[in-house]
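A.B. asks: Using the numbering used here, the final residue of the sequence shown is 1422, and nothing's skipped along the way.
Where a beta carbon is used, it is the ideal one built from N, C-alpha and C, also for glycine.
The model shown is predicted, which means the values in this text are computed figures rather than measured ones.
Take a look at the following structure, please.
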Amino acid sequence: MSQYETVIGLEVHVELSTLSKIFCGCSTAFGGDENTHVCEVCSGMPGTLPTMNKDVVEYAVKAGLALNCEITRLNKFDRKNYFYPDLAKAYQISQLYLPICRNGHVDVVVEGKTSRIGIHEIHMEEDAGKLVHDPWDDCTLVDYNRCGVPLIEIVSEPDFRSAEEVVAYLDKLKTTLQYLGVSDCKMQEGSMRADINLSVRKIGESVYGTRTEMKNMASLKSIARAIEGESKRQIELIESGGIVRQETRRWDDNKDSSYAMRSKENAQDYKYFPEPDLMPIEISEEEIQRLTDGLPEMREAKMARYIREWDLPEYDAEILTGSMPLVSLFEKTIDVCSNAKEASNWIMTDVLKLLNDAQMQPEDMHFEKDALGKIIRMVIDGKINRATGKKVLNAVFENNVEPEAYVAEKGLAQVSDVSEIEPLIKAVLLENEKAVSEYRAGNAKNFQFLIGQSMKALKGKADPQIVRSILTAILDA
946 MSQYETVIGL
956 EVHVELSTLS
966 KIFCGCSTAF
976 GGDENTHVCE
986 VCSGMPGTLP
996 TMNKDVVEYA
1006 VKAGLALNCE
1016 ITRLNKFDRK
1026 NYFYPDLAKA
1036 YQISQLYLPI
1046 CRNGHVDVVV
1056 EGKTSRIGIH
1066 EIHMEEDAGK
1076 LVHDPWDDCT
1086 LVDYNRCGVP
1096 LIEIVSEPDF
1106 RSAEEVVAYL
1116 DKLKTTLQYL
1126 GVSDCKMQEG
1136 SMRADINLSV
1146 RKIGESVYGT
1156 RTEMKNMASL
1166 KSIARAIEGE
1176 SKRQIELIES
1186 GGIVRQETRR
1196 WDDNKDSSYA
1206 MRSKENAQDY
1216 KYFPEPDLMP
1226 IEISEEEIQR
1236 LTDGLPEMRE
1246 AKMARYIREW
1256 DLPEYDAEIL
1266 TGSMPLVSLF
1276 EKTIDVCSNA
1286 KEASNWIMTD
1296 VLKLLNDAQM
1306 QPEDMHFEKD
1316 ALGKIIRMVI
1326 DGKINRATGK
1336 KVLNAVFENN
1346 VEPEAYVAEK
1356 GLAQVSDVSE
1366 IEPLIKAVLL
1376 ENEKAVSEYR
1386 AGNAKNFQFL
1396 IGQSMKALKG
1406 KADPQIVRSI
1416 LTAILDA
């Protein structure tokens, strides 16, 4: 298999974070009861007319600018005709001939090597609905809530040669679009999903092999496995004298294999024609300049600033800038506690551990962004110790409690009064006379044991330095 190379192109569908749909005023909110975010327009009732959502155009332009694309000054919509049960009007409003963005690129780094991935185009379109298979009644139902949710489709050139490059590209797209605020890119909710067009050819050949397509992939791990599995399948088929057919395939992650769904359509199969109910969109130079000037600080610039201004290690800066929820948490924490290094340390160690243990993504955090800063501020001010701070963070992470109120309610405030601490330490020493004797005889390890017993007696609320100081004074007397 080493004499073959894999050629991959991606079509990435991204749901935009506008409040309303692309051609009507229905909500784009995720979830909700079936068929409740629907009106006559997005459900395709006869005689209804679409009205363009200006925010969709602006979001698409922002994405194009950030991905180094040329913006099409005059672009228009086309009808893509096909029947499917979740597409009520039997056509989708999309862009074929004059897409809003073209000729862009993204640079990805894999194992220290930079590869430039071309972006053929970005076009706007509406999403279809969702089929719900009901095994109880042995039937399929249709939920039209997602019909008309605005999408941009980012179509790459066939420039990928490995699953690692694909994952790096998708990760960079996700981060870029989150920074722009045009999409939350929650793959688990279908906000970002990829179609994989894949073929293989012998190394050195210039002609592309026959491609297959795997649609609606919404997990980076599954995408990597699907690429490896489909590449292997095509190579083995060619080596055995078979022929790769142009078709759409479904990847089964449980079986670690793909199977054929239908023959692959080409553009002519959809019988595109200009959308008669929407006027062309003209984007002025002034509008493009306004949107360019309004672009936020992107990841590379933010990472460099974190290193420069706050002297963070490059690794920490890379992790913290890897998703907008972490960026928001980090910067809000600094605003509250005024200590960038402590903010970084708590997020890198404690917050990421909580996320990992809960098998959650940063975007799934639901606590108030100022909560961590309040915890750190209380530790710095000596109101609680770090061990207590971790307990408070756990409560914040799990139940979104208010840190200061929680400390007061649970009586977790740090005890620093020597007159309160000393009697309890003396009682601990009386209960552990053997450990005291061994320490005084030269066994220094017992000191840590006595520290632990003292902190236990003080319910972890005492200042560890004061406990250590008092214990040393008593033992050495």
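Given a threshold of 16 other Cβ atoms within 10 Å of its Cβ, counted over all protein chains shown, does Asp1023 qualify as buried or as exposed?
C.D. replies: buried
A.B. asks: Please report the distance separating the alpha-carbon of Ile1168 from that of Leu964.
C.D. replies: 29 angstroms
A.B. asks: Is the CB-CB distance between Val1077 and Asp1088 below 8 angstroms?
C.D. replies: yes
A.B. asks: Inspect the beta-carbon positions of Ile1064 and Gly1074 and report whether they are closer than 8 angstroms.
C.D. replies: no
A.B. asks: I need the straight-line Cα distance from Glu979 to Ser972, nearest angstrom please.
C.D. replies: 13 angstroms
A.B. asks: Determine contact between the stretch 1037-1055 and the stretch 1145-1153, defined as no fewer than three beta-carbon pairs at a distance below 8 angstroms.
C.D. replies: no
A.B. asks: For Thr981, I'd like the list of residues in its chain whose CB is within less than 7 angstroms of its CB, leaving aside the five on either flank, ordered along the chain.
C.D. replies: Asn1090
A.B. asks: Can you grab the Cα-Cα spacing for the pair Val959 / Glu1071, in whole Å?
C.D. replies: 11 angstroms
A.B. asks: Does Ala1350 pass the burial test, meaning 16 or more other C-beta atoms within 10 Å, or should it be called exposed?
C.D. replies: Burial call: exposed.
A.B. asks: Could you tell me which residues DSSP puts in a beta bridge with Lys1147?
C.D. replies: Tyr949
A.B. asks: For Lys1160, name the three-state secondary structure that DSSP assigns.
C.D. replies: strand
A.B. asks: Determine the contact status of Phe1342 and Phe1312, defining contact as a CB-CB distance below 8 angstroms.
C.D. replies: yes
A.B. asks: Pull up the distance between the alpha-carbon of Glu1254 and that of Ile1062, whole angstroms please.
C.D. replies: 32 angstroms
A.B. asks: By DSSP, does Tyr1029 sit in helix, in strand, or in coil?
C.D. replies: strand
A.B. asks: At a cut-off of 7 angstroms, is Gly1387 close to the ligand HEM when judged by its beta-carbon and the heavy atoms of the ligand?
C.D. replies: You won't find the ligand HEM in this model; it holds no ligand whatsoever.
A.B. asks: By the three-class DSSP mapping on this structure, what secondary structure does Gln1191 have?
C.D. replies: coil
A.B. asks: Looking at the strands, I want to know which residues DSSP matches up with Glu956.
C.D. replies: Val1100 and Asp1140
A.B. asks: Going by other Cβ atoms of all chains shown within 10 Å of its Cβ, with 16 needed for buried, is Val1352 buried or exposed?
C.D. replies: That one is buried.
A.B. asks: Using 8 angstroms as the threshold, is the C-beta distance between Arg1235 and Gln1191 below it?
C.D. replies: no
A.B. asks: Would you report the Cα separation of Arg1178 and Asp1295, rounded to the nearest angstrom?
C.D. replies: Computed Cα separation, rounded: 43 angstroms.
A.B. asks: What are the uninterrupted segments assigned as alpha helix (DSSP H) that are 4 or more residues long and contained completely in the stretch 962-1032, given in chain order?
C.D. replies: 999-1011
A.B. asks: Could you round the C-beta distance between Val1094 and Lys966 to whole angstroms and report it? I think they count as a contact, below 8 angstroms.
C.D. replies: The pair is a contact, with the Cβ atoms about 6 angstroms apart (cut-off 8 angstroms).
A.B. asks: Considering Gly1174, what are the terminal residues of the alpha helix (DSSP H) in which it resides?
C.D. replies: Leu1165 to Glu1184
A.B. asks: When DSSP labels each residue in this structure, what does Trp1081 get in the three-state scheme?
C.D. replies: coil
A.B. asks: Answer with buried or exposed for Ser1283, where buried requires no fewer than 16 other C-beta atoms within 10 angstroms of its C-beta.
C.D. replies: exposed
A.B. asks: Write down the C-beta distance between Leu1299 and Thr1121 rounded to the nearest angstrom, noting that I regard them as a contact closer than 8 angstroms.
C.D. replies: Contact flag wrong, Cβ pair sits at about 26 angstroms.
A.B. asks: Count the other C-beta atoms from every protein chain shown that fall within 10 angstroms of the C-beta of Gln1410, then say buried if there are 16 or more, exposed otherwise.
C.D. replies: Counting Cβ neighbours within 10 Å, Gln1410 comes out exposed, since fewer than 16 surround it.
A.B. asks: Could you give the DSSP three-state label for Val1053: helix, strand or coil?
C.D. replies: When DSSP states are grouped into helix, strand and coil, Val1053 belongs to the strand group.
A.B. asks: Taking 7 angstroms as the limit between beta carbons, can you name the residues of its chain near Asn1377, skipping five residues before and five after?
C.D. replies: Leu1395 and Gln1398
A.B. asks: Taking buried to mean at least 16 other C-beta atoms within 10 Å of its own C-beta, is Ser1289 buried or exposed?
C.D. replies: buried
A.B. asks: Measuring alpha carbon to alpha carbon, tell me which residue in Leu1257, Leu1265, Pro1258 and Glu1231 is nearest Glu1244.
C.D. replies: Note on residue identity: the sequence assigns Arg, not Glu, to residue 1244. Selected option, being the one with the closest Cα: Leu1265.
A.B. asks: Report yes if the C-beta distance between Asn1020 and Pro1225 is below 8 angstroms; otherwise report no.
C.D. replies: yes
A.B. asks: Could you pull out every residue in the same chain whose Cβ sits closer than 8 angstroms to the Cβ of Asn1391, ignoring the five residues on either side in sequence?
C.D. replies: Ala1380, Val1381, Glu1383 and Tyr1384
A.B. asks: Go to Ala1205, then tell me how far its beta strand (DSSP E) extends in each direction, as first and last residue.
C.D. replies: Ser1202 to Ser1208
A.B. asks: What is the C-beta distance between Val1281 and Arg1146, in whole angstroms, given that I count them as a contact (C-beta under 8 angstroms)?
C.D. replies: Not confirmed; about 56 angstroms, so no contact.
A.B. asks: Nearest-angstrom Cα distance between Gln1304 and Leu1086?
C.D. replies: 31 angstroms
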